[in-house]
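Here the structure is laid out as structure tokens; the discussion comes afterwards.
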Amino acid sequence: MSDYIPLMRTALLQAGEAWATDDVPVGALVINPEGEIKGKGNNQREELSDPTAHAEIVALRAAALAAESWRLDGHTLVVTLEPCAMCAGAIAQSRIKTLVFGAWDEKAGAVGSVWDVLRDPRAPHQVQVIAGVLEEECAEILRAFFKARR
Numbered sequence: 041m042s043d044y045i046p047l048m049r050t051a052l053l054q055a056g057e058a059w060a061t062d063d064v065p066v067g068a069l070v071i072n073p074e075g076e077i078k079g080k081g082n083n084q085r086e087e088l089s090d091p092t093a094h095a096e097i098v099a100l101r102a103a104a105l106a107a108e109s110w111r112l113d114g115h116t117l118v119v120t121l122e123p124c125a126m127c128a129g130a131i132a133q134s135r136i137k138t139l140v141f142g143a144w145d146e147k148a149g150a151v152g153s154v155w156d157v158l159r160d161p162r163a164p165h166q167v168q169v170i171a172g173v174l175e176e177e178c179a180e181i182l183r184a185f186f187k188a189r190r
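Residues are numbered in this note's numbering as their position in the sequence shown, beginning at 1, plus a constant of 40.
Structure representation (structure tokens):
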């Protein structure tokens, strides 16, 4: 789990970029099997007026372009917040090997909080899930964002 701390810190920087455009601060990275960052993303829903522009989707699209393939076998996705159902579906469809996330999303999380899309035994592709990496830091940026909006 400690191997992912530097990557999660980089994902938190991406989350800050989302906040700068008045979007919910979530950041994501896709790492190839050699350990190189191949895709970065942050929430861009407000900036792009796109309901699908979640950090995970943005990062997966960038990584797929870099790989010249939608199949991201062996890749790892690092994200600051537990993915929603849409993002969990995209993670499964892209064949990501490992998902690493920081904060839990008790309202819309689909990797254990509300649903568990990625570890459903009926799913055709199983994803290893590592939860709680820098959980407090990832939760704090979200709390601060929503407190500032109130």
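In this text, a Cβ means the ideal position worked out from N, Cα and C, and glycines have one as well.
Quick caveat: nothing in here was measured; it's all calculated off a predicted structure.
- Within the segment 62-115, the complete alpha helix (DSSP H) segments at least 4 residues long are 85-88 and 95-107, listed from N- to C-terminus.
- Its chain contains 72, 73 and 137 as the residues whose beta carbon lies nearer than 8 Å to that of residue 114, once the 5 sequence neighbours on both sides are disregarded; these appear in chain order.
- A distance of 8 Å or more separates the beta carbons of residue 99 and residue 139.
- Rounded to the nearest angstrom, the gap between the Cα atoms of residue 49 and residue 188 is 22 Å.
- Judged by DSSP secondary structure, residue 143 falls within the beta strand (DSSP E) whose first and last residues are 138-143.
- Under the DSSP definition of a beta bridge, residue 131 lacks any partner.
- Taking 8 Å as the upper bound for CB-CB distance, residue 132 and residue 157 are in contact here, some 7 Å apart.
- Contact annotation, residue 65 with residue 56: C-beta distance approximately 6 Å; criterion of less than 8 Å satisfied.
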